[in-house]
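Worksheet: the structure to be examined is printed underneath.
Protein chains in written order, with this note's numbering: chain H, 36 to 224; chain D, 37 to 440.
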């Protein structure tokens, strides 16, 4: 039987908190700071790792949305090419979050190249609007993802992760991922 | 430069370094520090440094300055701070040496292999000397600007007593509420405003004496653009991937840089958390972290101190307090009274974009890069705080939306 990843993370956190923490001398400040940050990181990963694919799919969709706005303004051939590849990846059957992240990063680079190439003031203005509008969902997602880190002055203003991932989970998660998530949720309840 | 097929920033070529330097001209000392960062990037990450190693380096540095009539005692790591390594110690002299009192508590402040903000110890040393007597600041003693004696560039300054947050209150900040009670708030806010005004009104002749800072001209926006270039260059050197909004922000900042109406010493990180105070009498004992100081526009500090990331709510859960200390409008009004300088709303808007841009670069580019290359003794914490970058990016988007 393959060990459950959530369980492995949970016991590692428990060991660090319950046993290792008390054995680190209080005057070893560097070790204590590193241990505290490591525990917080593992707890964060435990909360988020099962949503990695949904996160990657949603981020790619958001970036495609921004790129489509840009393409309508600029008609840039290079951007169109990268956009086509990203659309195929988003509609494809991959269940590899890293692969989707690579498509997203390439698309973001292509958008930035368009920003750098634009010189006409009217076009620049439209590009600016497209990026500002197109960034909103992406930043909401990033903030919702990072909310447990505790850096938001007013957490109530940040949409829930379910809200910002919702569309992507419905549209993009391959069945195997959805089944796995459902199984994990049911095993916890 | 936007290609991500290979991470060209991980082990940058001479051509890459030269191209970035040419595209984004900055002050000579900033250029020196950033170029050194890039040429050293391929070197190994941080490896644990013992207190004994630091003692040996400190002894060599101090010996080169004051001779050998001293003993170092009570070396210990200091907590906090994501960007530098800090060790406290006591310097005991035998009375033969007159460059320091007989037992002086001191702090070694040293860079890691690469820091979340890569800055100049020479500039920090010089600005600390300048502000001595203007605002509470630790006396600064010795400088090892290129790591001749210590593993990395470092300086030594006096140990200041006090805390940066009320003891026992640090956890509450997570909820967005101020950790300063009304009484403490009032006392600290008075000093907060007065000290900022004092820094910004240091006489021009003294400011012009700084050797490692490029002067800023009245009526020109060159100094502001140099600063935009600084962080745009760092974005180019450190980022893991592109973020279109950052390119847009950099373009807007260059195209809309306001001409300087008055050159001031700008602290660069003037905020709650960067001063120490004694709880018994609510006195600020030292302003810390001068590494981002520049000669520039006072509005940079004014917006930094009040930026959304630094705001906290008063007990009514409505009133936003700059740094959790003082309502924002009151902060600006009292600053005008204390400094005799005008607070210009247009410049506030400009520097809000600038400061958001800067935080995004620190967190989404440099923090990520430093942690991924294992360059500090606090990589787990550095990777953790890089998540602030997402709050800052959203704020940058909002700021740009307001000005466009």
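Glycine included, each C-beta is placed from N, C-alpha and C at the ideal position. The structure presented is a predicted model; accordingly, all values stated were derived computationally and were not measured.
Item	Value
Touching by the beta-carbon criterion (3+ pairs, under 8 Å), the segment 211–222 of chain D and the segment 195–202 of chain D	yes
Interface partners of residue 75 of chain D on chain H, CB under 7 Å	By Cβ distance, chain H contributes nothing, its closest Cβ being about 25 Å from residue 75 of chain D, past 7 Å.
Interface residues of chain H facing residue 414 of chain D [CB-CB closer than 9 Å]	65, 68, 69, 72
Of the residues H:89, H:156, H:153, the one placed nearest residue 136 of chain H, counting alpha carbons only	H:89
8 Å Cβ shell around residue 77 of chain H - same chain, five flanking residues per side excluded	44, 47, 48, 51
Host alpha helix (DSSP H) of residue 427 of chain D (start-end)	424–439
Residues near residue 284 of chain D by beta carbon distance below 8 Å, same chain, minus five either side	436
Inter-stretch contact at 8 Å, needing at least 3 Cβ pairs: the segment 341–353 of chain D / the segment 293–313 of chain D	yes
Reference residue 179 of chain D; option with closest CA among D:160, D:319, D:166	D:160
CB contact check: residue 339 of chain D to chain H, cutoff 8 Å	no
Cβ-Cβ distance between residue 330 of chain D and residue 235 of chain D below 8 Å	no
Sequence-distant residues of its chain with Cβ nearer than 8 Å to residue 40 of chain H (five each side left out)	84
Spatial neighbours of residue 53 of chain D in its chain, beta-carbon cut-off 7 Å, leaving aside the 5 residues before and after	71, 74, 75
Short CB-CB distance (under 8 Å) between residue 178 of chain H and chain D	yes
Whole-angstrom distance between residue 49 of chain D and residue 75 of chain H, CA atom to CA atom	36 Å
Residue interval of the beta strand (DSSP E) (run including residue 113 of chain D)	106–113
Cβ shell of residue 61 of chain H (< 8 Å), same chain only, five flanking positions each side left out	67
CB contact below 8 Å: residue 163 of chain H versus chain D	yes
Sequence-distant residues of the same chain with beta carbon closer than 8 Å to residue 99 of chain H, five excluded per side	118, 121, 122, 125, 142
Residue 122 of chain D - partner residues in DSSP beta bridges	D:145
Nearest candidate by alpha-carbon position, reference residue 84 of chain D, set D:333, D:434, D:353, D:411	D:411
Simplified DSSP assignment, three categories, for residue 209 of chain D	For residue 209 of chain D, the predicted model reports a pLDDT of 40, less than 50, meaning its position is unreliable; a value from the coordinates is still stated below. It is helical.
Neighbour flag for residue 440 of chain D against chain H, beta carbons, 8 Å	yes
Amino acids of chain H, ordered along the chain, whose beta-carbon sits closer than 7 Å to that of residue 284 of chain D	150, 163, 166
Cβ shell of residue 409 of chain D (< 6 Å), same chain only, five flanking positions each side left out	81
Own chain, CB closer than 6 Å to residue 204 of chain H, minus 5 neighbours either side, in chain order	The predicted position of residue 204 of chain H is uncertain, since its pLDDT is 47 and thus under 50; no value can be drawn from it.
At least 3 beta-carbon pairs within less than 8 Å: the segment 285–298 of chain D vs the segment 260–276 of chain D	yes
Strand pairing of residue 311 of chain D, partner residues [DSSP]	D:323
Where residue 109 of chain H falls, given that 16 or more other Cβ within 10 Å makes a residue buried	buried
CB contact below 8 Å: residue 143 of chain H versus chain D	yes
Classification of residue 423 of chain D by the beta-carbon crowding that lies within 10 angstroms, buried from 16 upward	buried
Residue environment, residue 207 of chain D, which counts as buried when at least 16 other CB atoms sit within 10 Å	Residue placement at residue 207 of chain D is poorly supported in this model, since its pLDDT is 41, which falls under 50; the coordinates still yield a value, given next. When all chains shown are included, residue 207 of chain D counts as exposed.
Strand pairing of residue 129 of chain D, partner residues [DSSP]	D:106
Simplified DSSP state of residue 138 of chain H, which is helix, strand or coil	helix
Length of the line joining the Cα atoms of residue 370 of chain D and residue 223 of chain D	14 Å
Residue 86 of chain H vs residue 182 of chain H beta-carbon contact at 8 Å	no
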